[in-house]
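Asker: Read in order, the letters of the sequence shown are residues 39 to 543 in the numbering used here. Even for Gly, the Cβ is constructed at its ideal location relative to N, Cα and C. My questions will all concern the structure given below.
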Amino acid sequence: MAKPERTAITPTRAEDYPEWYQQVVKAADMAENSPVRGCMVIKPWGYSIWENIQRVLDKKFKDTGHVNAYFPLFIPKSFLEKEAAHVEGFAKECAVVTHSRLQADGTGKLVPASELDEPLIVRPTSETIIGAVYAKWVQSYRDLPLLINQWANVVRWEMRTRLFLRTAEFLWQEGHTAHATPEEAWEETRKMLAVYADFAENYMAMPVIQGEKTEGERFPGAVSTMCIEAMMQDKKALQAGTSHFLGQNFAKASGIQFLSDKGTQEYAWTTSWGVSTRLVGGLIMTHADDNGLVIPPRLAPVHIVILPVTPKEESKQAVLDYCESLKNELKAVVWDGRELEVQIDNRDIRGGEKAWQWVKKGLPIRVEIGPRDVESGSVFFVRRHTLAKESLPRAEFVAKIGAMLSDMQKAIFEKAKAFRDENIKKIDSKNEFYAFFTPKNAEKPEIHGGFAFTHWDGTKETADKISEDLKVTIRCIPLNMPSEAGIDPFSGKPSQRRVIWAKSY
């Protein structure tokens, strides 16, 4: 009987997917739990991936006419109360500041002192505080459109947390725009959704479905919420980004009014849109394998690591010199609009251990150079997504490195897309739908069908019943899909469209 293949990560995805995820984060040295319950420490390797996400998205935002600003962390409670649906949607998640300072109680302990006249909410999202500022900035139609983004942290109390995917404090960007007409605001909402979809697919190599949320899944206070939904390797959905058409709801609550070109006082039409460090979790769950993280090259903090192999002292310097010159040659290569990030790892640890550390970190290409490679003028290398071992003459390796990285980016995306497409199914009967989402193994509830593309009668009652029975929700009403008359298999009522149903994070 053949021995099971050893993997760097235990348990494997098939054995225990939730624990596998935690172990990938740990093995790649990306993040850890903090002393504050529900919060995380993002370590340098994890943060460098977030920095690359920021770098790409920030340019996309500026290329579409947006500028960055910063708004307060604290929001007066009365601001949230102005928009009833908004405060109701976020009330249970809010962290509240009630005192302005601490004082000693005489026993060596500190206690809150000086109660605030009005409690402050630690930013769960910024529509209301930004609305108050926009009300001052916008006076005339000439002040519009107002296109602003901020990079910030937010706090939403979470009972059950998981690194990157759901923490009490997380990092994100939130765009907030104001427009003179509903048409402009709708165009902005769709445009930013397309920006997110492009980023997810062409940088994260994560295929997504663009769609609109149902009323029950909509952002509190929004007229419409658009989203991108991705399938993780356990076949659950991850909401990877949202773009909200807010209509005039928040403008009326905040008093964002302007004098129109016709001389009338009008309320602005606003939008908001955002993605967060949840994207890092999505990257892990889309691409990582049982040996650790796999990073698409376009977001890799380091593209190539060079490991000198120096078994003998007399050849050590020649190997080190070869590695240094190869590094300089590779760094002169421009790929994807930036110089290649190349690192030499000459730490004094065992070669096998060093190599596996980089496998678990998921960087695209690992190079190992020993005396024989120096003598032959060649490069021995391993591509992370396949772990295939290869060797090329040095000049050929340098000449082909850009094409290799492009091929890797494409292959990683195509693998994820094939997996997603294999696990989307059109379903037209209630029994088949329930079987699709019923775990095949009671001890492994994550083993289920995937995404179901099924008719829906449009009622909250039907959606709530499915959620109650199966913990399955409508992820989105896909965009750019023709209407298709049919029958809702749950209620028997007429349906005008199919929607995507899935279990989700």
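Would K541 pass as a contact of H486 if the rule is Cβ separation under 8 Å?
Answerer: In contact: K541 and H486 (Cβ atoms closer than 8 Å).
Asker: Quickly, what does DSSP pair Q277 with across the bridge? List them, please.
Answerer: Paired residue(s): E267.
Asker: Going by C-alpha to C-alpha distance, which of Y59, A490, I512 sits closest to E499?
Answerer: Answer by Cα proximity: I512.
Asker: What does DSSP give as the partner residues of M78 in its beta bridges?
Answerer: Paired residues: N71.
Asker: At 4 residues or longer, what runs of the alpha helix (DSSP H) sit wholly inside the region 390–462?
Answerer: As far as the region 390–462 is concerned, its whole alpha helix (DSSP H) runs of at least 4 residues are 409–414, 432–460.
Asker: Given L209, which residues of its chain have a CB within under 7 Å of its CB, disregarding the five upstream and five downstream residues?
Answerer: Same-chain partners within the cutoff: W88, N191, S314, T315.
Asker: Contact check, T20 vs I186 under 8 Å by CB: the rounded distance?
Answerer: Since the first residue shown for the chain is 39 and the last is 543, residue 20 is missing from the structure and cannot be characterised.
Asker: For M446, which residues in the same chain have their Cβ closer than 7 Å to its Cβ, ignoring the five residues on either side in sequence?
Answerer: So the list reads P335, P402, R421, H423, once near-sequence residues are dropped.
Asker: Quick check on G259: buried or exposed, where buried means 16 or more other Cβ atoms within 10 Å of its Cβ?
Answerer: Looking at its Cβ environment, which holds 16 or more other Cβ atoms inside 10 Å, G259 is buried.
Asker: Between Y179 and the rest of its own chain, which residues show a CB-CB distance below 6 Å, the 5 nearest in sequence each way excluded?
Answerer: Correct list, in chain order: A218, F296, S298, D299.
Asker: Report all residues from its chain with a CB closer than 8 Å to the CB of V371; omit the five preceding and five following residues, and keep chain order.
Answerer: Closer than 8 Å at the Cβ level, and outside the excluded window around V371, lie E377, L378, V436, I439, G440.
Asker: What three-state label does DSSP hand W195 in the structure shown?
Answerer: Coil.
Asker: Where does H214 sit, in a helix, a strand or coil, going by DSSP?
Answerer: It is a strand residue.
Asker: May I ask you to report which of helix, strand or coil DSSP gives A170?
Answerer: Residue state, collapsed to three classes: helix.
Asker: What separation, rounded to the nearest whole angstrom, lies between the Cα atoms of Y241 and Q248?
Answerer: Cα-Cα distance, rounded: 16 Å.
Asker: Identify whether G127 lies in helix, strand or coil by the three-state DSSP scheme.
Answerer: G127: helix per DSSP, three-state reduction.
Asker: Can you give me the Cβ contacts of V193 inside the same chain, cut-off strictly under 7 Å, excluding the 5 residues immediately before and after it?
Answerer: Taken in chain order, the residues that qualify are A133, V160, R161, P162, A206, E207.
Asker: At the level of alpha carbons, what is the spacing between K354 and G400?
Answerer: Rounded to whole angstroms, K354 to G400 spans 27 Å at the Cα level.
Asker: Out of E153, G389, V246, I382, state which residue places its alpha-carbon closest to the alpha-carbon of V347.
Answerer: That would be G389, whose Cα lies nearest to the Cα of V347.
Asker: Quick check: F117 and I167, are their CB atoms within less than 8 Å of each other?
Answerer: Cβ distance < 8 Å, so F117 and I167 count as in contact.
Asker: Between the Cα of D155 and those of Q211, N71, K115, I344, spot the shortest distance and give me the residue it belongs to.
Answerer: Looking at the Cα atoms, K115 is the closest of the given residues.
Asker: Note the first and the last residue of the continuous beta strand (DSSP E) segment covering G26.
Answerer: The requested residue 26 is not part of the displayed model; the chain covers only 39 to 543.
Asker: Measuring alpha carbon to alpha carbon, tell me which of W373, T199, I344 ends up nearest L364.
Answerer: The option with the nearest alpha carbon to L364 is I344.
Asker: Compute the Euclidean distance between the alpha carbons of K427 and K273, then round it to the nearest angstrom.
Answerer: Taking the straight line from one Cα to the other gives about 31 Å.
Asker: Rounded to whole angstroms, what is the Cα-Cα separation between S467 and P527?
Answerer: If I take the Cα positions, the gap works out to 5 Å.
Asker: Tell me the rounded alpha-carbon separation between E406 and F418.
Answerer: Computed Cα separation, rounded: 6 Å.
Asker: Below 6 Å CB to CB, which residues in the same chain sit around I504 once its five sequence neighbours on both sides are set aside?
Answerer: For I504, where only same-chain residues beyond five positions count, the Cβ hits under 6 Å are V510.
Asker: For H137, does the count of other Cβ atoms within 10 angstroms reach 16, so buried, or fall short, so exposed?
Answerer: The residue in question, H137, is exposed, as its Cβ has fewer than 16 Cβ neighbours within 10 Å.
Asker: Report buried or exposed for W58, applying the criterion of at least 16 other Cβ atoms within 10 angstroms of its Cβ.
Answerer: Buried, since its Cβ has 16 or more Cβ neighbours within 10 Å.
Asker: Would you identify the three-state DSSP class for W539, choosing helix, strand or coil?
Answerer: Three-state DSSP puts W539 in a strand.
Asker: If contact is defined by three or more beta carbon pairs under 8 Å, each pair taking one atom from either stretch, is the region 322–338 in contact with the region 304–313?
Answerer: Taking 8 Å as the limit for Cβ pairs, the verdict is that the region 322–338 does not touch the region 304–313.
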